[in-house]
Amino acid sequence: MNIMTELKEYVKDAQNIVVAGHVAPDGDCVGSVIAIYRYIRKLFPEKKVTAYLENLPAVYDFLDPDNSIISNELDNDEVDLFIAADTSSIDRLGIVGEVFKKAKSTMVIDHHVSNHGYGQVNIIETPLSSACELIATLMAEEDIDKDIASAIYTGMVTDSGGFRFSATSRKTMNIAGMLMEKGIDHAFIMDRCMYSRTYNQAQLLGRALLESMLVMDGKCIITTVTKKMMDIYECLEEDTEGIVDQLRVTRGVEVAVFLRERGEQEYKVSLRSNSYIDVSRVAEYFDGGGHIRAAGFTMRGSIHDIVNNIMEQINLQM
Ligand code: AMP
Ligand code: MN
Ligand code: MN
739 MNIMTELKEY VKDAQNIVVA GHVAPDGDCV GSVIAIYRYI RKLFPEKKVT
789 AYLENLPAVY DFLDPDNSII SNELDNDEVD LFIAADTSSI DRLGIVGEVF
839 KKAKSTMVID HHVSNHGYGQ VNIIETPLSS ACELIATLMA EEDIDKDIAS
889 AIYTGMVTDS GGFRFSATSR KTMNIAGMLM EKGIDHAFIM DRCMYSRTYN
939 QAQLLGRALL ESMLVMDGKC IITTVTKKMM DIYECLEEDT EGIVDQLRVT
989 RGVEVAVFLR ERGEQEYKVS LRSNSYIDVS RVAEYFDGGG HIRAAGFTMR
1039 GSIHDIVNNI MEQINLQM
């Protein structure tokens, strides 16, 4: 593995460290935060380190089996080093963005094209399959134990769609192989994170697919999940993860658009594309961000207006 300056060099002088990721955390974000937390604990047991996430989606609870790693609040102690992982902007840190701004030193580890480098130290590599892949290259192999490896592997698997997205490289697979040698249960991680779903999630997915619409001569597929639907199937925000990917695999489709009602006239929009539409450009136009093939943003208005506005932006690239 080609090691850049190791993470421990950045961490060694800080006493109180916070590691955090973006709001509505996904597998890469959870994996990054837990991997860095465990690594600091292992190498510097005397330091105070807090792993902050807005919440830990149930699918990833195997990475924090005792419920002892992830905190959903921070105390008021002065922070020597704030590490933001897999997070493209301060806004995306949510409420701890304010803590980031006040921290004595800050570090950003990310792989989003839309990340302009808002930390004092910015380790940003694009295109790269996941932030976890980058994190692996910042750790010496001998410092990675089985638990750290499981967390990194989880982020790599989830953000690369099970190693099938185009940013997956030989290096990605070499790192994955190294992590496998740490004794992780890679088959379990793949099955749990990529294929398993609760019955309620299955029902909501079914409903979302049933109600989807093809537009632009079949090049674009759209569906909406309303709050009412979330209530009927007793689903949380995290239970909608993956619906957009199921839309994207529809043959003939270039762009998948998934809208989730978040509040009164407020929708979270997820975009995915297959080969030529740069959805990060579309998302950035609406003040969101992401990657060429996966991006998102929040938008206000009626479904009708929102869809029209998005279609207009997608059309510019068609
Ligand atoms: P999602 O559709 O939420 O799975 O997000 C796809 C990609 O876009 C992820 O890499 C997110 O980090 C990014 N993304 C989603 N929503 C936003 C947003 N509001 N602002 C910036 N980036 C976002
Ligand atoms: Mn993420
Ligand atoms: Mn990521």
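Counted from 1, the sequence shown has number 769 at position 31 by the numbering used here; the numbering is strictly sequential. C-beta atoms are modelled at their ideal positions from N, C-alpha and C, and glycine is treated no differently.
Cβ pair residue i, residue j closer than 9 Å
i, j, result
"E986", "R1010", "At residue 986 the sequence reads Arg, which differs from the Glu that was named. Yes."
"Q984", "L952", "no"
"E1004", "T1036", "yes"
"G893", "M928", "no"
"I913", "S888", "no"
"E792", "N810", "yes"
"V859", "V846", "yes"
"D802", "L794", "yes"
"L819", "N754", "yes"
"K842", "A752", "yes"
"A762", "E975", "yes"
"T864", "H1029", "yes"
Closer than 8 Å: residue i CB and nearest ligand 1 heavy atom
i, result
"H1029", "yes"
"F996", "yes"
"K1006", "yes"
"D804", "no"
"F838", "no"
"A946", "no"
"R830", "yes"
"V963", "no"
"T1036", "yes"
"S827", "yes"
"V846", "no"
"V787", "no"
N-terminal and C-terminal residue of the beta strand (DSSP E) that residue i is part of
i, result
"Y1005", "E1004 to S1011"
"K786", "K786 to Y790"
"R1000", "V993 to G1001"
"I755", "N754 to A758"
Residue i versus residue j: straight-line alpha-carbon distance, rounded
i, j, result
"T844", "V756", "10 Å"
"T906", "Q1055", "25 Å"
"C973", "A758", "25 Å"
"D799", "S806", "11 Å"
"S868", "T910", "9 Å"
"D977", "M916", "31 Å"
"L866", "A874", "12 Å"
"I862", "I772", "19 Å"
"E747", "G956", "51 Å"
"G765", "Y891", "10 Å"
"N1053", "I1015", "9 Å"
"N853", "T896", "20 Å"
"I970", "E979", "17 Å"
"V817", "C870", "23 Å"
Residue i: CB within 8 Å of a non-hydrogen atom of ligand 3
i, result
"A869", "yes"
"H850", "yes"
"D885", "no"
"D897", "yes"
"G893", "yes"
Delimiting residues of the alpha helix (DSSP H) encompassing residue i
i, result
"L943", "Y937 to L948"
"F1035", "Not the alpha helix (DSSP H): F1035 falls in the beta strand (DSSP E), residues A1032 to R1038."
Neighbourhood of ligand 2 [Cβ distance below 6 Å to any heavy atom], ordered by chain position: H760, D764, D766, C767 and D824
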